[in-house]
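Heads up, the sequence shown is in the UniProt record's numbering, so the first residue is 1 and it goes up one at a time.
Structure record follows, encoded as C-alpha cells.
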Amino acid sequence: MKVTITDQEEITVVEVSGDIDSKTAPEFERNAKVAMDKSKHIVIDLTEVGFMSSAGLRVLLMVYRNIRSQEGKVVLVGVSEEIQDVMSTTGFINFFTIVEKPEDGVAFLKQD
C-alpha cells in the first residue's frame, strides 16, 4: 500500500493505492492522523484500493469521528462497488459523501 498526502489550500487530499487490510491499516491510520493534523477538511482517494478489510473501515470511522468533532468534513473518492456494498451493510456509507474524482471532492469541500 502507498499513501500520498497533498494540500490544496485548506483541504488535505489523501491518495491511497493498494489493499487496506490488517497488515496495512496501521500505516493508513498513521497517514490519516497526519492528514487530520493538517486540516479539518479531508478528501480520501480510494480509486486505487481494490480491497478494504474491517481494519480499514475502522480507520475510516476514526477519521470521520475525529473530523466531525472539529466540525469538518470527509469526502471519499472512487470507492469501488465492493467496498461501497460493505459500507452499506455496516451503515458506514451514510457518514460520508462519495464522489468519483478527487477534484469533485475538493470542489464539494470548497462549497462550505
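Just so you know, even glycine gets a beta-carbon here, dropped at the ideal spot from N, CA and C.
Limits of the unbroken beta strand (DSSP E) element including K40: Premise fails: K40 is in no beta strand (DSSP E) and is neither H nor E.
Cα-Cα separation, I44 to A32: 9 angstroms
Bounding residues of the beta strand (DSSP E) (the contiguous stretch that carries Q8): 2-8
Length of the line joining the Cα atoms of D7 and Y64: 18 angstroms
For I98, the first and last residue of its enclosing beta strand (DSSP E): Annotation: the continuous beta strand (DSSP E) that includes I98 extends over 97-99.
Assigned secondary structure, T90 (DSSP; H/G/I helix, E/B strand, else coil): helix
The stretch 11-23 / the stretch 84-95 touching (three or more Cβ pairs under 8 angstroms): no
Cβ shell of M52 (< 6 angstroms), same chain only, five flanking positions each side left out: I20, I83
Contact under 9 angstroms by Cβ, L61 with F92: In contact: L61 and F92 (Cβ atoms closer than 9 angstroms).
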